[in-house]
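K.L.:
Protein chains in written order, with my numbering: chain A, 3 to 96; chain B, 3 to 139. Cβ atoms here follow ideal geometry from the backbone N, Cα and C, with glycine treated the same way. Once you've had a glance at the structure underneath, I'll fire off some questions.
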Amino acid sequence: MGREVWEEINFQFSILNFQSNPNFQFSIVVINFNKKFYNLKSIQKAIKAFHGLADFKISQNKKTITVNLENINPEAKSAIKDEFCNYVLGLMKQ
Amino acid sequence: MPKNNIKTQKAKNQLTILLNPKLYPLEAIYSACYVFIDRAYLFLDGDPKKEVKVFIKGKGNLTPKKLEALAGEFENELLNCALRAAIAKNTKKVRETIVERALFSALPHEEASQDEEQIEDDPLGIAVPWEEKYGKK
């Protein structure tokens with residue numbers, strides 16, 4: 003159950019001859035926020051704060067707000083998803 | 003602890019706490035999460051009317067014992083926040099009255115004494131005693 007929420011879709015593939023680096027990794031992180039607990043305003047504020055670390059795309063449907071993170075800074079890659087979720091939660095409290 | 007109030011599901015370095023929103027208001031859940039933001043990664047999901055799921059993930063690798071302790075502390079904090087929320091709700095009117103009075107008493111003296119001045123203005127001479135106005139019998 004937890005895996006669905008903390009879902010991280012990693013597309014890892016090698017692109018031959020890409021900048022002479024065959025081990026280049028391309029990753030996308032997808033976070034689904036439940037609209038009953040998170041509002042768009044807080045997510046947008048969080049994106050403003052994190053904008054230097056990745057490219058963010060927001061989309062939403064009736065129940066969820068989906069945030070796609072692309073071109074993630076390699077240094078922030080391991081923790082950005084969790085830190086972003088915590089930041090949004092902090093904003094919700096405020 | 004009654005089974006339906008708090009349920010805990012453990013996975014690798016993370017656990018899920020299922021809460022009954024009738025016992026723990028959403029405001030209390032947000033507050034408890036906020037307290038733990040520096041110690042763990044938290045995420046909310048579920049339905050605020052039926053069941054709230056709190057996903058807690060340790061910052062760094064936590065042993066199962068530490069994870070369990072973290073869950074226990076979170077539940078205690080949750081209770082604390084729920085109590086605070088209940089007290090805040092029950093004493094809202096009293097607090098508002100106290101603040102109102104404090105603000106009123108902090109008004110500048112001129113404004114506060116306007117009423118007294120109005121009483122002193124007596125164009126019809128109503129406030130003058132009978133004896134002064136018509137003399138003694």
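Give me the DSSP bridge partner(s) of Y32 (chain B).
P.N.:
Taking the first residue of the second sequence as 1, we reach residue 32 (chain B) at position 30. Y32 (chain B) pairs with nothing; no bridge assigned.
K.L.:
Should the region 96-105 of chain B be regarded as contacting the region 30-49 of chain B, the criterion being three or more beta carbon pairs within less than 8 Å?
P.N.:
No contact exists between the region 96-105 of chain B and the region 30-49 of chain B.
K.L.:
Using 8 Å for Cβ pairs, my map puts T68 (chain A) next to V32 (chain A). What's the rounded Cβ distance?
P.N.:
For the purposes of this step, residue 68 (chain A) is taken as residue 66 along the first sequence, with counting starting at 1. For the purposes of this step, residue 32 (chain A) is taken as residue 30 along the first sequence, with counting starting at 1. Going by Cβ atoms, the distance from T68 (chain A) to V32 (chain A) rounds to 6 Å, so yes, they are a contact pair.
K.L.:
Find the nearest neighbour of A30 (chain B) within the set B:F106, B:G62, B:V54, judged by alpha-carbon distance.
P.N.:
Position 28 of the second sequence, counting from 1, holds the residue named residue 30 (chain B). Comparing Cα positions, the closest option is B:V54.
K.L.:
With a threshold of 8 Å on Cβ separation, who are the neighbours of I49 (chain A) within its own chain once the five nearest residues in sequence on each side are excluded?
P.N.:
Reading the first sequence from its first residue, position 47 is the one you call residue 49 (chain A). Cβ within range, chain order: F58, I60, V69.
K.L.:
State the DSSP-derived secondary structure class of I30 (chain A), mapped to helix, strand or coil.
P.N.:
Reading the first sequence from its first residue, position 28 is the one you call residue 30 (chain A). In the structure shown, I30 (chain A) sits in coil (DSSP, three-state: anything other than H, G, I, E or B).
K.L.:
Please give the ranges of any beta strand (DSSP E) in the region 35-66 of chain A, keeping only runs that are unbroken, at least 3 residues long and fully inside the region.
P.N.:
For the region 35-66 of chain A, whole beta strand (DSSP E) runs of length 3 or above, ordered along the chain, are 57-62.
K.L.:
Give the C-beta separation of I37 (chain A) and L93 (chain A) to the nearest angstrom, bearing in mind that I take them to be a contact with Cβ-Cβ under 8 Å.
P.N.:
Walking along the first sequence from the start, residue 37 (chain A) turns up at place 35. Walking along the first sequence from the start, residue 93 (chain A) turns up at place 91. The displayed chain sequence assigns Lys, not Ile, to residue 37 (chain A). The pair is not a contact, with the Cβ atoms about 15 Å apart (cut-off 8 Å).
K.L.:
Report the three-state DSSP secondary structure of T18 (chain B) (helix, strand or coil).
P.N.:
By one-based count along the second sequence, residue 18 (chain B) stands at place 16. The answer is strand: DSSP assigns T18 (chain B) an E or B state.
K.L.:
Cβ of S33 (chain B) less than 9 Å from any chain A Cβ?
P.N.:
By 1-based counting over the second sequence, the position of residue 33 (chain B) is 31. Yes, S33 (chain B) lies at the interface with chain A (some Cβ there is under 9 Å from its Cβ).
K.L.:
Return the residue from the list A:H53, A:S29, A:G54, A:N63 that minimises the CA-CA distance to N41 (chain A).
P.N.:
Translated into the one-based positions of the first sequence, residue 41 (chain A) becomes position 39. That would be A:N63, whose Cα lies nearest to the Cα of N41 (chain A).
K.L.:
If you follow the beta strand (DSSP E) that V56 (chain B) is in, where does it begin and where does it stop?
P.N.:
Residue mapping note: residue 56 (chain B) aligns to position 54 of the second sequence, counting from 1. First-last of the beta strand (DSSP E) with V56 (chain B): 53-60.
K.L.:
Please list, in chain order, the chain A residues whose beta carbon lies closer than 9 Å to that of Y36 (chain B).
P.N.:
Start at 1 with the first residue of the second sequence, and residue 36 (chain B) comes out as number 34. Result: L91, G92, M94, K95, Q96.
K.L.:
What would DSSP say about D84 (chain A), mapped onto helix, strand or coil?
P.N.:
Taking the first residue of the first sequence as 1, we reach residue 84 (chain A) at position 82. The answer is helix: DSSP assigns D84 (chain A) an H, G or I state.
K.L.:
Go ahead and pull the three-state DSSP assignment for A78 (chain A).
P.N.:
Translated into the one-based positions of the first sequence, residue 78 (chain A) becomes position 76. Note: A78 (chain A) maps to coil in three-state DSSP.
K.L.:
At least one CB of chain A closer than 9 Å to the CB of Q123 (chain B): is that the case?
P.N.:
Position 121 of the second sequence, counting from 1, holds the residue named residue 123 (chain B). In the sequence under discussion, the amino acid at residue 123 (chain B) is Asp, which differs from the Gln named in the question. Chain A contact via Cβ: absent.
K.L.:
What residues in its chain sit with their C-beta under 8 Å from that of N73 (chain A), if we drop five residues either side in the sequence?
P.N.:
By one-based count along the first sequence, residue 73 (chain A) stands at place 71. Within the same chain, N73 (chain A) has close Cβ partners A56, D57.
K.L.:
If you draw a straight line from the alpha carbon of L126 (chain B) to that of W132 (chain B), how long is it in whole angstroms?
P.N.:
Counted from its first residue, the second sequence places residue 126 (chain B) at position 124. Counted from its first residue, the second sequence places residue 132 (chain B) at position 130. In a straight line, the C-alpha of L126 (chain B) is about 13 Å away from that of W132 (chain B).
K.L.:
Find the residues of chain B that neighbour F52 (chain A), judging by a C-beta separation of less than 9 Å, and give them in chain order.
P.N.:
Here residue 52 (chain A) refers to the residue found at position 50 of the first sequence. Those do not exist, as F52 (chain A) stays about 15 Å from chain B at its closest Cβ, beyond 9 Å.
K.L.:
Given a cut-off of 9 Å on the beta-carbon distance, is the pair Y89 (chain A) and F52 (chain A) in contact?
P.N.:
What you label residue 89 (chain A) is simply residue 87 of the first sequence in a count that begins at 1. What you label residue 52 (chain A) is simply residue 50 of the first sequence in a count that begins at 1. Yes; because the gap between Cβ atoms is below 9 Å, this pair is in contact.
K.L.:
Helix, strand or coil: how does DSSP classify N63 (chain B) here?
P.N.:
Indexing the second sequence from 1 puts residue 63 (chain B) at position 61. DSSP places N63 (chain B) in coil when its eight states are reduced to three.
K.L.:
On the DSSP bridge list, what partners appear for D47 (chain B)?
P.N.:
For the purposes of this step, residue 47 (chain B) is identified with residue 45 of the second sequence, where counting begins at 1. Beta-bridge pairing links D47 (chain B) to B:K55.
K.L.:
Would you say K79 (chain A) reaches chain B, if we count a Cβ-Cβ gap shorter than 9 Å as a contact?
P.N.:
The count along the first sequence starts at 1 and reaches residue 79 (chain A) at position 77. By this cut-off, K79 (chain A) is not an interface position.
K.L.:
Report the rounded CA-to-CA distance for P24 (chain A) versus V56 (chain B), giving the unit in angstroms.
P.N.:
Within the first sequence, the letter at position 22 stands for residue 24 (chain A). Within the second sequence, the letter at position 54 stands for residue 56 (chain B). Bear in mind that the predicted position of P24 (chain A) carries a pLDDT of just 44, short of 50, making it unreliable; the figure below should be weighed with that in mind. Each residue's Cα considered, the two are about 40 Å apart.
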